[in-house]
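Just so you know, the sequences run in chain order A and B.
Anchor point for the first sequence: position 380 equals 380 in the UniProt record's numbering, and the numbering is continuous, going up by one each time.
Anchor point for the second sequence: position 248 equals 248 in the UniProt record's numbering, and the numbering is continuous, going up by one each time.
Yeah, the Cβ is synthetic: ideal placement off N, Cα and C, and Gly gets one too.
Just below is one structure, and these are the notes that go with it.
Protein chains: 2
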Amino acid sequence: MTVDSSLPLSKDLDYHLSAEALRRKESPLKGAFKYYGKPDLVFLGGGLPQPTYFPWNKITTESPAPPFENGIGYKPQDASEMTISEITKHTPSHLEGIDIPLSRSLQYGNTNGQPELIKFLKEHTTMVHPMQYQDWDLIVNTGNTQGWNDLLRNFCDKGDTILTEEYTFASSLEAANAQAITTFPVKMDSFGIIPSQLDAVLTNWIGKKPKLLYTIPTGQNPTGSSLSNERRQEIYKIACKHDILIVEDEPYYFLQMEEYTKDVNARSGKSIHNHEEFVKAMVKSFLSLDTEGRVLRLDSCSKTLAPGTRVGWITAKASFIERFTRIQEVSSQNCSGFSQSIVGGTLNRWGQTGYLDWLIKLRAEYTHKRDVTVDSIYKHFPTELMEFVPPVAGMFFAFHIDATKHPKFESEFKGDVLAVEKAIYERAAEYGSYMIPGSWFKTVGQTEPPQQVAPEKQTHLFFRGTYAATPLDEIIVGIERFGKAIKDEFGIKN
Amino acid sequence: MTVDSSLPLSKDLDYHLSAEALRRKESPLKGAFKYYGKPDLVFLGGGLPQPTYFPWNKITTESPAPPFENGIGYKPQDASEMTISEITKHTPSHLEGIDIPLSRSLQYGNTNGQPELIKFLKEHTTMVHPMQYQDWDLIVNTGNTQGWNDLLRNFCDKGDTILTEEYTFASSLEAANAQAITTFPVKMDSFGIIPSQLDAVLTNWIGKKPKLLYTIPTGQNPTGSSLSNERRQEIYKIACKHDILIVEDEPYYFLQMEEYTKDVNARSGKSIHNHEEFVKAMVKSFLSLDTEGRVLRLDSCSKTLAPGTRVGWITAKASFIERFTRIQEVSSQNCSGFSQSIVGGTLNRWGQTGYLDWLIKLRAEYTHKRDVTVDSIYKHFPTELMEFVPPVAGMFFAFHIDATKHPKFESEFKGDVLAVEKAIYERAAEYGSYMIPGSWFKTVGQTEPPQQVAPEKQTHLFFRGTYAATPLDEIIVGIERFGKAIKDEFGIKN
């Protein structure tokens with residue numbers, strides 16, 4: 001890939017690095033590799049097993065073939081409907097640049113990822129997130145969970161604070177907790193982080209400022225909310241103003257959908273028909289808004305291909321990416337060679353447009369599942385008690401219930417919103433439907449900065465549901481049961 | 001696997017855990033999974049993509065088949081000589097317990113590894129390392145580099161000290177350095193750590209004692225040395241006496257060989273002929289000596305199968321392994337599903353004895369390479385200047401040269417051993433042969449405890465070579481050139 005030198009360079013932001021990141025040195029042994037492959041030099045330097053000893057001579061994978069006319073769940077019946085990747089130890093010349101040979105992918109080396117995979121991902125990045133500065137790079141890792149954990153090591157010292165959405169992915173909070181990093185919540189509504197609240201928190205902050213904002217901007221987990229282009233721009237400006245980094249954790253980015261409409265006939269007309277339309281319909285990433293180099297983007301194959309690929313990547317300014325190389329050298333080293341050969345081989349056979357075809361069909365699947373789910377919610381839930389915004393991205397939906405409307409809110413529950421949440425949770429499970437209580441995702445700062453006033457009195461609870469894992473007919477049953485549980489709990493007849 | 005309840009339990013050693021390890025909590029979301037799969041419960045809890053959307057319906061791999069009569073480098077010519085693994089989304093009933101279906105391996109879950117792979121590795125462990133206590137466990141990870149990094153997080157706090165071999169794997173030192181952990185060297189000779197030196201260091205230690213000893217006991221990197229059974233027993237006793245943990249990093253364990261003999265005719269008679277003989281010929285692991293639960297063993301497929309599998313595992317007492325589960329949940333999650341399905345599928349088809357066949361042939365290959373290399377060293381090197389013990393395991397050899405015998409040691413080099421090392425290094429590279437200077441592997445404690453006397457005056461330097469990566473004919477050329485470089489440097493004619 002050629003660098004677009006017409007773009008400006010990013011700002012120097014390396015002073016944001018942690019003490020640990022600054023301690024990391026390149027291994028002295030790397031110096032040896034500059035000799036490796038020199039003509040007429042016998043290299044007795046590196047402890048690499050000979051690839052002839054790797055016991056896998058060939059891997060053949062079978063996948064559906066673009067443009068996936070029968071949808072992504074369709075299982076091809078014969079080779080004519082398949083993309084077949086035959087990956088060998090030594091790539092034949094007509095597949096060079098397409099396949100990652102097993103003699104290389106199963107060997108040590110290429111910490112940042114195999115070149116054929118990196119090339120594909122960089123081209124993809126350029127198509128979807130046009131960059132505003134020239135010195136960016138990406139590193140392939142084992143997924144966003146690893147990426148986030150490494151990122152905390154790279155930028156946060158023990159005792160630092162980071163900002164997160166008020167409700168967020170519990171595992172991301174736990175990673176910070178283990179590193180003794182304080183997580184501080186930023187207020188959100190049904191459309192994600194409220195920019196003015198973010199600005200207020202930072203403006204009124206006393207003491208060492210938070211290092212970064214961690215956000216899941218699209219199809220947020222657990223609330224299902226998505227930030228609009230306008231909010232993203234505002235939030236980016238606030239981050240620049242207060243000099244904090246933005247980490248966008250975007251596993252659900254390509255699960256963007258049409259807005260929900262109750263009008264069933266209007267739905268089919270709204271679907272995406274071509275690649276250009278698809279890319280244009282995407283909400284702007286923080287990465288693409290970034291002129292300074294303060295955004296780190298975490299991407300993953302987990303939701304677009306499969307979680308067990310354990311393939312993800314981080315995109316950011318090159319001097320930051322270099323610090324991730326140093327971490328990976330002494331931890332995961334790189335993601336599995338099998339994963340890279342198979343994912344790389346399949347994606348390179350599909351091509352950029354074939355991959356977009358896959359994503360377009362994925363969007364169609366999730367849109368349909370979302371539609372059926374939301375139809376069902378409107379049919380079976382007591383909407384008069386609820387705040388509910390149908391999701392426009394991701395796997396999750398959340399509905400907020402006004403606990404104060406429970407007839408026994410003050411008597412039996414003594415005004416405790418969480419007790420009402422628990423009562424609904426248990427009744428729904430008893431009725432045979434399971435969703436996760438929103439309180440399980442709450443960001444609780446270990447130390448509240450002194451300027452924070454007492455939190456408003458909580459009135460609402462929420463549940464996180466998902467239409468991802470369950471077939472449609474079961475979802476409908478599950479929603480109906482959950483709706484009945486709420487109604488019975490609140491004494492609503494219908 | 002059934003626990004052998006006739007064995008005693010390990011000691012409670014959890015007070016060795018780090019502050020970070022103690023901070024780690026199980027994700028509250030794990031509580032949800034106890035509901036998953038309950039009859040007639042619609043589970044809308046987990047954000048798992050449907051396996052029908054995973055774009056890989058089948059993977060077929062081709063490997064050599066046991067007993068590998070033509071050696072492990074032989075490429076099978078047709079299916080009759082191959083182990084062919086066809087791994088599908090849903091395993092047919094006759095392959096249950098053998099194959100890890102893609103619908104599961106490519107999904108989230110099974111942080112500790114897929115059950116079919118764990119079962120194989122536990123059976124293998126029981127065969128090779130008969131355990132002395134009952135509450136042991138293992139966790140599959142992405143290899144020993146990750147394992148070591150996680151282990152440091154689990155047991156060491158910033159500022160702690162660990163003991164390592166005087167010369168050791170640079171990347172392991174760098175992992176500790178980044179975490180602000182001091183590494184302190186224990187003196188070794190051509191047969192590895194000197195037990196009395198370890199005891200002396202610990203007995204004379206002032207201040208907070210080192211947490212653990214990190215050792216590569218077999219085919220040590222970089223010295224090629226291997227600890228005898230006797231030294232292992234002594235070292236284990238010393239660890240118990242001073243209450244430190246032992247971490248055995250054992251990627252080269254199965255690259256054990258016959259002792260080198262100059263008598264070419266005697267060589268073939270010494271090779272291993274059956275499984276029982278092979279297992280019996282293995283040096284005792286620290287794990288198998290451990291009665292208390294203070295040994296953590298790091299195993300890897302990197303040298304026995306291929307580095308790019310990124311499959312390794314840690315074996316230790318169960319309460320320690322549980323802390324590794326917590327780390328993996330918020331970092332790598334688990335090793336690649338492709339890797340687990342392919343490695344598990346191949347190993348389970350080979351069976352325990354087929355895998356031993358593979359290891360026996362691997363041993364034969366490395367023994368032959370070692371023999372040719374050592375023959376060549378004795379032929380071309382100025383042995384009168386050297387200390388050299390032919391390795392009995394691993395990929396590496398080291399030869400120690402008495403720098404004081406350099407005619408210009410005091411004049412040109414001002415008595416600086418490292419300057420002589422550099423002169424040899426550069427001359428050898430110029431002659432077309434490359435090995436790595438031993439000084440690059442030196443463990444230098446960031447803080448020397450006050451009781452340490454000044455180090456003895458250094459007289460010897462060494463180089464690390466390897467016969468792993470290079471074909472035999474090239475090795476011979478490389479050794480000859482390196483020998484000439486030393487001789488010319490020292491003004492020796494022959």
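Excluding five sequence positions before and after lysine 361 of chain A, the CB atoms of its chain that fall closer than 7 Å to its own CB belong to Phe68, Gly71, Ile72, given in chain order.
For valine 283 of chain B, the closest alpha carbon among the candidates B:Leu305, B:Asn229, B:Glu365, B:Glu410 is that of B:Asn229.
Contacts between asparagine 57 of chain B and chain A, judged by CB atoms closer than 9 Å, involve Thr61, Glu62, Ser63, Pro64, Lys75, Pro76, Met82 in chain order. DSSP places methionine 127 of chain A in the helix class (H, G or I) of the three-state scheme. Annotated as distal: arginine 464 of chain A and isoleucine 424 of chain A, with beta-carbon spacing of 8 Å or more. DSSP, reduced to helix, strand and coil, places proline 55 of chain A outside both helices and strands of the structure shown, so it counts as coil. Beta-bridge pairing by DSSP links tyrosine 214 of chain A to A:Thr164, A:Val247. For glutamine 220 of chain A, the closest Cβ of chain B is not nearer than 8 Å. Nearest to glycine 192 of chain B by alpha-carbon distance, out of B:Glu489, B:Thr164, B:Asp243, is B:Thr164. Scanning A:Thr223, A:Lys75, A:Gly432, A:Lys209 for the CA closest to the CA of lysine 241 of chain A turns up A:Lys209. Contact annotation: tryptophan 56 of chain A and threonine 459 of chain B have beta-carbon atoms that are not nearer than 8 Å. In terms of Cα proximity to tyrosine 214 of chain B, the closest of B:Thr203, B:Val392, B:Pro64, B:Ile235 is B:Ile235. Interface residue (Cβ-Cβ distance to chain B less than 8 Å): tyrosine 260 of chain A is not classified as such. Here valine 186 of chain B is actually not in contact with asparagine 334 of chain B; their C-beta atoms are around 34 Å apart, not less than 8 Å. Between the alpha carbons of serine 105 of chain A and glutamine 197 of chain B lies a distance of about 42 Å. Unbroken beta strand (DSSP E) runs of no fewer than 3 residues, entirely contained in the region 387 to 444 of chain A, are found at 396 to 402, following chain order.
Identification of residues in the region 377 to 403 of chain A having a C-beta nearer than 7 Å to some C-beta of chain B yields Met395, Phe396, given in sequence order. Of the candidates B:Ser332, B:Val372, B:Ala403, B:Glu430, the residue whose Cα lies closest to the Cα of serine 171 of chain A is B:Ser332. Inter-residue distance for lysine 25 of chain A and glycine 109 of chain B is about 34 Å (C-alpha atoms, whole angstroms). For phenylalanine 33 of chain B, there is no enclosing alpha helix (DSSP H), since its DSSP letter is neither H nor E. Taking 8 Å as the CB threshold, asparagine 149 of chain B lines the interface with chain A. Look at serine 285 of chain A here: in three-state DSSP terms it is coil, with no helix or strand label.
In this structure, serine 433 of chain B sits near phenylalanine 482 of chain B, with a CB-CB distance shorter than 8 Å. Between glutamine 333 of chain B and chain A, the shortest Cβ-Cβ separation is below 8 Å. Contact with chain B is absent for valine 372 of chain A, since none of that chain's Cβ atoms lies less than 8 Å from the residue's Cβ. Below the 7 Å Cβ cutoff, chain B contributes no neighbours of lysine 493 of chain A, its closest Cβ being approximately 23 Å away. Taking 7 Å as the upper bound on Cβ-Cβ separation, chain B lies near residues Gly432, Ser433, Tyr434, Met435, Ile436, Trp440 of the region 432 to 446 of chain A. Cβ-Cβ distances below 6 Å link glutamate 387 of chain A to His400 in the same chain, with the five nearest sequence neighbours on each side left out; the list follows chain order. Threonine 353 of chain B counts as exposed, since fewer than 16 other beta carbons sit within 10 angstroms of its beta carbon. Legend: CB atoms of the region 22 to 47 of chain A lying less than 7 Å from CB atoms of chain B belong to residues Arg23, Arg24, Lys25, Ser27, Pro28, Leu29, Ala32, Tyr35, Asp40, Leu41, Val42, Phe43, Leu44, Gly45, Gly46, Gly47. Nearest Cα to glycine 37 of chain A within the set B:Thr470, B:Phe441, B:Trp358, B:Ile492: B:Thr470.
Linking phenylalanine 54 of chain B to serine 103 of chain B through their CA atoms gives a straight-line distance of about 8 Å. For the options B:Ser285, B:Leu356, B:Gly224, B:Phe324, the alpha carbon positioned closest to that of asparagine 274 of chain B is the one of B:Leu356. In the structure shown, the three-state DSSP call for threonine 325 of chain B is helix. For secondary structure counted as the alpha helix (DSSP H) over 4 or more consecutive residues, the region 39 to 107 of chain B holds these complete runs in sequence order: 102 to 105. For glycine 337 of chain B, the enclosing alpha helix (DSSP H) covers residues 337 to 380.
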